[in-house]
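Here is the structure we will look at.
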Amino acid sequence: MESLQLQLSRYRKIGFHSLKFTSLRLSNDYMGSCVSKVIANFSATWCGPCKMIAPYYSELSEKYTSMMFLLVDVDDLTDFSTSWDIKATPTFFFLKDGQQLDKLVGANKPELLKKIVVINDSLPEYKQ
Numbered sequence: 032m033e034s035l036q037l038q039l040s041r042y043r044k045i046g047f048h049s050l051k052f053t054s055l056r057l058s059n060d061y062m063g064s065c066v067s068k069v070i071a072n073f074s075a076t077w078c079g080p081c082k083m084i085a086p087y088y089s090e091l092s093e094k095y096t097s098m099m100f101l102l103v104d105v106d107d108l109t110d111f112s113t114s115w116d117i118k119a120t121p122t123f124f125f126l127k128d129g130q131q132l133d134k135l136v137g138a139n140k141p142e143l144l145k146k147i148v149v150i151n152d153s154l155p156e157y158k159q
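Set out below in C-alpha cells:
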C-alpha cells in the first residue's frame, strides 16, 4: 500500500475539520513536514452513524491541534477509499509518520477517543 502522503497528494476533495477546508490539494512536502499524526475519517453524507459522530470528531480536532483530522467522503473519492479497503462507514485510520497504527470501524465515541489519546501520547513533546 502506498503511503498516505503519496495517496493524498493525488486527490483534492478532502475536508479538514481542524482547518475548515472542504477542498485542498495536498503535497507530499506539506504532509511530510507539518504533520506526523493523522486521523482519517472515511465517511459518507448519507451515513447515519457518520452524521452522529461528526460533531464529536470536530470537537476532537479542536482539542488535539497537533494532529491533522481528515474527513474523506467515500462517494467523492471512490478510488482512494477503495485503495484503503473501506467496507463500512465511518472508518477511522490512525497514522503516525505516514504509517498506519490502528483502525476503527463504526461510530464508537469512547473507542475513538481512546485511540486518539494513545496516538497523541506517543510523541510526548507534542502532548496537548
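So the mapping is simple: the working numbering equals the position in the sequence shown, first residue as 1, plus 31. Using N, Cα and C, we set each Cβ at its ideal position, and we do this for glycine too.
Could you check if residue i is buried or exposed, using at least 16 other CB atoms within 10 Å of its CB as the buried criterion?
i, result
"T113", "exposed"
"Y87", "exposed"
Tell me which residue opens and which closes the alpha helix (DSSP H) that residue i is part of.
i, result
"L91", "79-94"
"K145", "140-152"
"S114", "109-114"
Quick one: what's got a C-beta closer than 6 Å to residue i's C-beta in the same chain, skipping five residues either side?
i, result
"K217", "Coverage of the chain is limited to positions 32 through 159, which leaves residue 217 absent and any answer about it impossible."
"K68", "M98, K127, I150"
"V136", "A119, T122"
Can you tell me which of the options puts its alpha carbon nearest to the alpha carbon of residue i?
i, options, result
"T76", "S67, D106, L132, E90", "D106"
"D104", "M98, A119, T96", "A119"
"G79", "K140, P121, L143", "P121"
Our contact map puts residue i next to residue j with C-beta atoms below 8 Å; I'd like the distance itself, whole angstroms only.
i, j, result
"W115", "F124", "7 Å"
Is residue i close to chain C? Criterion is C-beta to C-beta, closer than 9 Å.
i, result
"G79", "Absent from the structure is chain C; it holds one protein chain and no more."
Might you give, ordered along the chain, the residues of its own chain that have their beta carbon closer than 7 Å to the beta carbon of residue i, omitting 5 neighbours on each side?
i, result
"I117", "F73, V105"
"K140", "I84, Y87"
By Cβ distance, which residues of its chain are closer than 8 Å to residue i, with the 5 residues on each side in sequence left out?
i, result
"M83", "A138"
"L143", "I84, Y87, Y88, L91, F123, L135"
"I147", "I70, L91, Y95, M98, F125"
Tell me which residue opens and which closes the beta strand (DSSP E) that residue i is part of.
i, result
"V165", "No answer is possible for residue 165: it lies beyond the span of the chain, which begins at 32 and ends at 159."
"V69", "68-74"
"V103", "99-104"
"K127", "122-127"
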